[in-house]
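Residue numbers for the sequence shown follow UniProt numbering, so the first one is 1 and each next one is one higher.
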Amino acid sequence: MADALLHGTKLVNANGETIDGGGLGQTGLLALYFAASWCPDCRAFQPKLNDFYAEANASTQQLDVVFLSSDMSEGDQQEHFSTKHGDWWMVPREAELRNELRRKYGIRNGKDDAEVGVTHRNSGIPALVIIRRDGEVLDFRGAQQVEDDGIKALANWQAKAQANEQ
(Lines of atoms letter the chains of each structure in order from A and count residues from 1; the text may use other names and numbers.)
(Lines give C-alpha, C1' and ligand atoms only; values in the text may rest on other atoms or scores of the structure.)
Protein backbone atom coordinates (compact mmCIF):
# COMPACT_ATOMS: atom_id res chain seq x y z
CA MET A 1 0.00 0.00 0.00
CA ALA A 2 1.28 3.49 -0.80
CA ASP A 3 2.18 5.88 2.00
CA ALA A 4 -0.61 7.89 3.54
CA LEU A 5 -0.71 11.43 2.12
CA LEU A 6 -0.85 12.95 5.61
CA HIS A 7 1.77 10.68 7.21
CA GLY A 8 4.06 12.76 9.42
CA THR A 9 1.69 15.74 9.39
CA LYS A 10 0.62 17.09 12.76
CA LEU A 11 -3.14 17.68 12.75
CA VAL A 12 -5.05 19.46 15.50
CA ASN A 13 -8.68 19.33 16.62
CA ALA A 14 -10.83 22.07 18.16
CA ASN A 15 -9.72 21.00 21.66
CA GLY A 16 -6.05 21.49 20.78
CA GLU A 17 -5.28 17.76 20.72
CA THR A 18 -2.86 16.60 18.03
CA ILE A 19 -2.39 13.41 16.02
CA ASP A 20 -0.25 12.21 13.14
CA GLY A 21 -2.38 12.50 10.01
CA GLY A 22 -1.11 9.15 8.72
CA GLY A 23 -3.70 7.36 10.83
CA LEU A 24 -6.66 8.99 9.11
CA GLY A 25 -8.55 7.49 6.20
CA GLN A 26 -8.15 3.90 7.35
CA THR A 27 -11.83 3.48 6.55
CA GLY A 28 -10.89 4.08 2.93
CA LEU A 29 -12.26 7.61 2.67
CA LEU A 30 -10.67 10.90 3.53
CA ALA A 31 -12.21 14.30 2.76
CA LEU A 32 -10.04 17.39 2.42
CA TYR A 33 -12.23 20.38 3.23
CA PHE A 34 -11.00 23.71 1.86
CA ALA A 35 -12.95 26.71 3.20
CA ALA A 36 -12.74 30.12 4.90
CA SER A 37 -14.87 32.09 7.34
CA TRP A 38 -14.96 35.12 4.99
CA CYS A 39 -16.52 33.04 2.19
CA PRO A 40 -20.35 33.26 2.06
CA ASP A 41 -20.68 29.96 0.17
CA CYS A 42 -18.48 28.27 2.79
CA ARG A 43 -20.65 29.62 5.62
CA ALA A 44 -23.76 28.29 3.86
CA PHE A 45 -22.22 24.85 3.23
CA GLN A 46 -20.70 24.37 6.69
CA PRO A 47 -23.88 23.25 8.56
CA LYS A 48 -24.67 20.79 5.75
CA LEU A 49 -21.21 19.24 6.05
CA ASN A 50 -21.53 19.07 9.84
CA ASP A 51 -24.84 17.19 9.52
CA PHE A 52 -23.47 14.92 6.78
CA TYR A 53 -20.40 14.06 8.84
CA ALA A 54 -22.50 13.26 11.92
CA GLU A 55 -24.83 11.02 9.91
CA ALA A 56 -22.00 9.29 8.04
CA ASN A 57 -20.22 8.43 11.28
CA ALA A 58 -23.24 7.84 13.54
CA SER A 59 -22.60 4.13 14.09
CA THR A 60 -19.00 3.69 12.94
CA GLN A 61 -16.27 5.92 11.53
CA GLN A 62 -16.66 5.84 7.73
CA LEU A 63 -15.29 9.23 6.71
CA ASP A 64 -12.46 11.35 8.08
CA VAL A 65 -12.46 15.08 7.33
CA VAL A 66 -9.40 17.35 7.40
CA PHE A 67 -9.90 21.12 7.24
CA LEU A 68 -7.51 23.28 5.21
CA SER A 69 -8.25 26.91 5.93
CA SER A 70 -8.07 29.85 3.55
CA ASP A 71 -8.64 32.28 6.41
CA MET A 72 -6.24 35.22 6.33
CA SER A 73 -5.08 35.01 9.95
CA GLU A 74 -4.43 32.41 12.63
CA GLY A 75 -7.12 34.02 14.81
CA ASP A 76 -9.76 33.87 12.08
CA GLN A 77 -8.85 30.27 11.30
CA GLN A 78 -8.98 29.21 14.95
CA GLU A 79 -12.31 30.92 15.63
CA HIS A 80 -13.82 29.49 12.45
CA PHE A 81 -12.62 25.97 13.23
CA SER A 82 -13.44 25.89 16.94
CA THR A 83 -16.94 27.38 16.65
CA LYS A 84 -18.33 26.18 13.30
CA HIS A 85 -16.78 22.82 12.42
CA GLY A 86 -17.58 19.21 13.21
CA ASP A 87 -15.44 16.86 15.29
CA TRP A 88 -12.61 16.53 12.81
CA TRP A 89 -9.00 17.62 12.25
CA MET A 90 -7.24 20.64 10.79
CA VAL A 91 -3.87 21.23 9.15
CA PRO A 92 -2.36 24.11 11.18
CA ARG A 93 -2.02 27.44 9.39
CA GLU A 94 1.78 27.44 9.64
CA ALA A 95 2.13 24.01 7.98
CA GLU A 96 3.39 24.30 4.40
CA LEU A 97 1.28 21.24 3.55
CA ARG A 98 -1.81 23.48 3.64
CA ASN A 99 -0.54 25.38 0.60
CA GLU A 100 0.99 22.28 -1.02
CA LEU A 101 -2.42 20.60 -1.06
CA ARG A 102 -4.10 23.69 -2.53
CA ARG A 103 -1.54 23.59 -5.33
CA LYS A 104 -1.75 19.81 -5.79
CA TYR A 105 -5.55 19.76 -6.04
CA GLY A 106 -6.00 23.16 -7.75
CA ILE A 107 -8.13 24.82 -5.06
CA ARG A 108 -8.43 28.57 -5.56
CA ASN A 109 -9.88 31.07 -3.11
CA GLY A 110 -9.48 34.28 -5.11
CA LYS A 111 -7.46 36.07 -2.42
CA ASP A 112 -3.98 34.59 -2.18
CA ASP A 113 -3.78 32.19 -5.12
CA ALA A 114 -0.72 33.86 -6.66
CA GLU A 115 1.09 34.04 -3.31
CA VAL A 116 0.38 30.35 -2.64
CA GLY A 117 1.25 29.42 -6.22
CA VAL A 118 -2.03 27.85 -7.31
CA THR A 119 -1.74 27.85 -11.10
CA HIS A 120 -4.63 25.63 -12.18
CA ARG A 121 -8.22 25.45 -10.96
CA ASN A 122 -10.18 22.33 -10.19
CA SER A 123 -12.42 24.07 -7.68
CA GLY A 124 -13.00 27.21 -5.70
CA ILE A 125 -13.99 27.19 -2.04
CA PRO A 126 -15.78 25.55 -0.43
CA ALA A 127 -14.21 22.40 -1.80
CA LEU A 128 -14.57 18.90 -0.41
CA VAL A 129 -12.07 16.68 -2.20
CA ILE A 130 -12.68 12.99 -1.52
CA ILE A 131 -9.47 10.99 -1.62
CA ARG A 132 -7.95 7.67 -0.67
CA ARG A 133 -5.32 7.73 2.10
CA ASP A 134 -2.56 7.95 -0.49
CA GLY A 135 -4.03 11.11 -2.03
CA GLU A 136 -5.65 9.52 -5.09
CA VAL A 137 -8.74 11.58 -5.93
CA LEU A 138 -12.07 9.78 -5.88
CA ASP A 139 -14.25 12.88 -6.31
CA PHE A 140 -13.48 16.59 -6.73
CA ARG A 141 -17.16 17.47 -6.38
CA GLY A 142 -17.67 16.35 -2.78
CA ALA A 143 -19.38 19.54 -1.64
CA GLN A 144 -21.82 19.45 -4.56
CA GLN A 145 -22.50 15.76 -3.93
CA VAL A 146 -23.25 16.40 -0.24
CA GLU A 147 -25.70 19.12 -1.25
CA ASP A 148 -27.33 17.17 -4.10
CA ASP A 149 -27.30 13.59 -2.80
CA GLY A 150 -27.04 13.86 0.97
CA ILE A 151 -25.89 10.68 2.68
CA LYS A 152 -26.14 8.74 -0.61
CA ALA A 153 -22.90 10.49 -1.59
CA LEU A 154 -21.08 8.38 1.00
CA ALA A 155 -22.14 5.13 -0.69
CA ASN A 156 -21.07 6.53 -4.07
CA TRP A 157 -17.61 7.37 -2.73
CA GLN A 158 -17.29 3.98 -1.04
CA ALA A 159 -18.15 2.27 -4.33
CA LYS A 160 -15.50 4.33 -6.14
CA ALA A 161 -12.94 3.46 -3.47
CA GLN A 162 -13.70 -0.26 -3.79
CA ALA A 163 -13.60 -0.13 -7.59
CA ASN A 164 -10.19 1.55 -7.46
CA GLU A 165 -8.84 -1.19 -5.17
CA GLN A 166 -9.41 -3.83 -7.82
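For every residue, glycine included, the Cβ atom is placed at its ideal position computed from N, Cα and C.
Taking DSSP's pairing of strands, which residues face K10 in a bridge? Beta-bridge pairing links K10 to D20.
Rounded to the nearest angstrom, what separates residue 189 and W89 at their Cα positions? Outside the modelled stretch of the chain, which goes from 1 to 166, sits residue 189, for which no answer is possible.
Report yes or no: do the segment 137-144 and the segment 67-76 share at least 3 C-beta pairs separated by less than 8 Å? Fewer than three pairs of CB atoms, one per stretch, sit closer than 8 Å, so the segment 137-144 makes no contact with the segment 67-76.
Just verifying my parser: in three-state terms, what is the DSSP assignment at Q61? Looking at Q61 - three-state DSSP - the assignment turns out to be coil, as it is neither helix nor strand.
Using the C-alpha atoms, what's the distance from R132 back to G21? Rounded to the nearest angstrom, the two C-alpha atoms are 13 Å apart.
Distance check for E100 and T9, CA to CA, integer angstroms please. Distance between the alpha carbons of T9 and E100 is about 12 Å.
Which word fits N109, buried or exposed, when buried means at least 16 other C-beta atoms lie within 10 angstroms of its C-beta? Burial call: buried.
At 3 residues or longer, and completely inside the UniProt domain "Thioredoxin" (5-159): list those beta strand (DSSP E) runs for me, N to C. Those beta strand (DSSP E) runs which fall completely within the UniProt domain "Thioredoxin" (5-159) and span 3+ residues are 10-12, 18-20, 30-35, 64-69, 127-131, 137-139.
Does the Cβ of residue 168 have 16 or more other Cβ atoms within 10 Å, making it buried, or fewer, making it exposed? The question about residue 168 has no answer here: the residues shown for the chain are numbered 1 through 166.
Around the C-beta of A54, are 16 or more other C-beta atoms found within 10 angstroms, so that it is buried, or is it exposed? Counting Cβ neighbours within 10 Å, A54 comes out exposed, since fewer than 16 surround it.
C-alpha gap between T60 and G25, whole angstroms: Approximately 13 Å between the Cα atoms of the pair.
Counting contacts by CB-CB distance shorter than 8 Å, is F67 in contact with chain B? In the displayed structure, chain B is absent; only one protein chain is listed.
Which residue's Cα is closest to the Cα of D76: Q62, V129, A36, A14? Comparing Cα positions, the closest option is A36.
Ordered along the chain, which non-local residues of its own chain (more than five positions away) have a Cβ less than 6 Å from that of G28? Result list for G28: A161, in chain order.
How many Å lie between D51 and V91 at the Cα? Taking the straight line from one Cα to the other gives about 21 Å.
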